[in-house]
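Quick note on numbering: the sequence shown equals residues 0 to 409 in numbering that gives the first Met the number 0.
Yeah, the Cβ is synthetic: ideal placement off N, Cα and C, and Gly gets one too.
Model, not experiment: these values are computed from the prediction.
Before any comments, here is the structure.
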Amino acid sequence: MTTSLATVVIIGRPNVGKSTLFNRFMGSQVAIVQDTPGVTRDRFERQVEWQGRHFNVVDTGGWMPGGTELDGKVSRQVESAVKEADLVLFVVDSTVGVLDDDQAIAKWLRTSGKEVLVVSNKVDTDKREFDKWEFLSLGLGDPFPVSALHGRKAGDVLDEILIRVPRREGDDEVEIEVERQGPNRTPGIPRVSIVGRPNVGKSTLFNRLVGQDRAVVHDMPGTTRDSIDTVVETPDGPMMFVDTAGMRRRSRVDESTEYYSFVRALRAVDESDIALLVIDATEGITSQDQRLAERIDASGSPVVVVLNKWEMLNADQRLEIDIEIGRKLFFVGDAPVLKMSALTGKGVQKLRPVLQDSIEQYHRRVPTRDVNRVIARAQQQQPAPSGGRVLYALQGASDPPTFTLFVNKE
């Protein structure tokens with residue numbers, strides 16, 4: 000967890016409305032919601048303010064330890080989140096009653112030693128409130144009836160959270176920057192987005208950088224759905240790393256969940272101080288890699304190219320991809336290119352100093368006299384046609400550095 004605030008973790012079996020409740024607490028659609036089981040796979044954490052107090056809320060994937068290999072990895076994410084929780088919101092579906100999976104979760108929670116609040120979701124009317132009593136059989140106390148979709152009694156749950164979670168020093172003094180910084184910005188902390196095609200190793204690199212398995216890693220393309228972030232303390236200060244969903248051509252984004260993941264990934268790039276473009280070195284530089292690099296370049300963010308799975312290439316293949324970089328990614332200029340294995344960690348240590356240098360260049364302010372000295376030298380070497388001349392130049396902005404030229408002709 001990224002702060003000392005109290006932490007509330009939302010859990011439950013798939014498709015009971017966990018992410019809808021999470022979004023209700025946030026006041027916006029932060030987590031992806033769809034009527035398909037298993038949409039949420041990673042832990043997704045945000046800060047909430049209610050009645051002048053602040054606490055963290057964590058959305059998790061559906062707990063299904065007896066399912067597929069991917070289900071098992073998601074379930075382990077849920078279990079890790081619960082270990083760090085001050086309060087667990089156990090969400091159940093009032094329209095279907097108690098299922099075997101609900102009983103299994105309740106049994107686990109009763110032995111966890113954690114404070115648990117049962118939230119009976121999809122209670123849309125007063126008449127439906129009687130449905131909640133079935134969940135007393137879970138042995139976790141009185142359920143709270145809510146409709147996360149319509150917001151009905153969500154405020155009552157927030158009130159109960161304040162009663163149950165411990166008050167932490169400063170939790171009523173934390174300033175949440177939303178409008179000025181954007182929904183995912185943290186003032187003063189560089190934001191590094193990890194982007195790339197599906198299944199190139201983004202989540203593996205993310206986990207390697209943050210030092211724990213925060214993102215679910217699996218060989219099935221598209222495992223990551225939401226953009227998730229974690230602040231990491233480095234020798235150069237805190238840095239936020241953002242794992243994003245894999246980007247594919249729009250024509251291949253064939254389901255609504257994947258569409259929203261694609262939009263979130265693009266938004267993460269636009270909000271970044273720097274982007275890591277992860278490329279599967281075993282597949283070379285694909286046309287989609289080129290399009291992603293163009294998209295990052297258009298956003299104004301600096302880019303670091305990461306050639307992942309480098310250990311799997313022989314000498315000839317390594318030479319070939321070095322040539323491809325210059326030919327196919329020429330438009331990103333002098334972007335650093337790092338060769339590494341996110342799986343083994345080899346070469347990852349080179350990333351931090353490169354990131355720090357790129358971020359410093361991104362925020363750099365160039366003295367006006369130096370700008371004009373460069374412009375004057377350029378005009379001497381290559382005079383403009385038809386008597387055109389730059390009279391004066393200055394840096395108008397940083398993030399990225401932007402320069403304004405005043406000329407004698409339109």
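I need the straight-line Cα distance from residue 302 to residue 6, nearest angstrom please. 34 Å
Under a three-way DSSP split, which group does residue 233 fall into? strand
For the beta strand (DSSP E) that residue 405 lies in, which residues bound it at each end? 401-406
Where residue 396 falls: helix, strand or coil (DSSP): strand
With burial defined as no fewer than 16 other Cβ atoms inside 10 Å of the residue's Cβ, what is the status of residue 319: buried or exposed? exposed
Could you compute how far the alpha carbon of residue 340 sits from the alpha carbon of residue 161? 44 Å
Take residue 405 and list the residues in its own chain whose beta-carbon comes closer than 6 Å to its own, dropping the five residues that flank it on each side. 390, 391
Helix, strand or coil for residue 151? Go by DSSP, reduced to three states. strand
Any idea what DSSP makes of residue 55, helix, strand or coil? strand
Which runs of the alpha helix (DSSP H) fall wholly inside the segment 341-397 and span at least 4 residues, in chain order? 350-361, 367-380
I need the DSSP call for residue 203, collapsed to helix, strand or coil. helix
What are the complete alpha helix (DSSP H) segments, minimum 4 residues, inside the segment 95-139? 99-109
With DSSP as the reference, label residue 274 as helix, strand or coil. strand
Could you check the C-alpha separation between residue 86 and residue 80 for me, to the nearest Å? 11 Å
Within the segment 281-344, note down every full beta strand (DSSP E) run reaching 3 residues or more, in order along the chain. 302-307, 336-338
May I have the straight-line CA-CA distance separating residue 209 from residue 237, to the nearest angstrom? 11 Å
Using DSSP bridges, identify the partner residues of residue 6. 55
Less than 7 Å separating the beta-carbons of residue 201 and residue 277? yes
Of the residues 128, 292, 163, the one placed nearest residue 333, counting alpha carbons only: 292
Report the option in 156, 93, 101 whose CA atom is closest to the CA atom of residue 126. 93
Limits of the unbroken alpha helix (DSSP H) element including residue 23: 17-25
Near residue 190, what residues of its chain come up, given a Cβ to Cβ distance below 6 Å and the 5 sequence neighbours on each side ignored? 239, 271, 272
Given a threshold of 16 other Cβ atoms within 10 Å of its Cβ, counted over all protein chains shown, does residue 144 qualify as buried or as exposed? buried
Do residue 131 and residue 119 have their beta-carbon atoms positioned less than 7 Å apart in this structure? yes
Which residues in the same chain have their Cβ closer than 6 Å to the Cβ of residue 305, if we skip the five residues on either side of it in sequence? 275, 277, 337
Per DSSP, what kind of secondary structure is residue 430 in: helix, strand or coil? What is shown of the chain runs 0 to 409, which leaves residue 430 out entirely.
Beta carbon of residue 285 nearer than 7 Å to that of residue 308: no
Going by C-alpha distance, which of 407, 328, 377 is nearest residue 385? 407
Note down the Cα distance separating residue 25 from residue 47, rounded to an integer number of angstroms. 7 Å
Can you check whether the CB of residue 19 is closer than 7 Å to the CB of residue 148? yes
Determine the contact status of residue 205 and residue 242, defining contact as a CB-CB distance below 7 Å. yes
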